[in-house]
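Residue 22 in the UniProt record's numbering is what sits at position 22 of the sequence shown, and the numbering runs on without skipping anything.
Idealized CB from N, CA, C, for every residue including glycine.
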Amino acid sequence: MTAENTPNPLKPVYYWLDGYWITDKEEADLMDEINAFGSTHGTAFFPADADPAFIDGEIAALLINQNLLTIQQQTGVAT
């Protein structure tokens, strides 16, 4: 198998509406249990070697898109 065909392993990233994220599932579940962020976490997957700054940017973009979708659903108006 060549390097081109080798899949890059993914890691789960657990995030909240304020943009905070972690990679530890047990810690994410605990944060939800104690309602640390006022919401339950979402999960996104990134390459295992992804830079934290890249993850920050992607989580921020994901949250913006989720907020736009929520607004569209609530108002029936496309943004």
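Nearest-angstrom Cα separation, counted from residue j out to residue i
{"i": "residue 65", "j": "residue 71", "result": "10 angstroms"}
{"i": "residue 7", "j": "residue 48", "result": "11 angstroms"}
{"i": "residue 26", "j": "residue 74", "result": "33 angstroms"}
Element boundaries [alpha helix (DSSP H), containing residue i]
{"i": "residue 63", "result": "52–75"}
{"i": "residue 28", "result": "25–33"}
Under 8 angstroms between C-beta atoms of residue i and residue j
{"i": "residue 54", "j": "residue 10", "result": "no"}
{"i": "residue 21", "j": "residue 39", "result": "no"}
{"i": "residue 37", "j": "residue 24", "result": "no"}
{"i": "residue 28", "j": "residue 41", "result": "yes"}
Beta strand (DSSP E) segment containing residue i, residue limits
{"i": "residue 43", "result": "42–47"}
{"i": "residue 15", "result": "10–15"}
Residue i, DSSP secondary structure in three states
{"i": "residue 1", "result": "With a pLDDT of 49 at residue 1, under the threshold of 50, the modelled position of this residue cannot be trusted, and the question is left open."}
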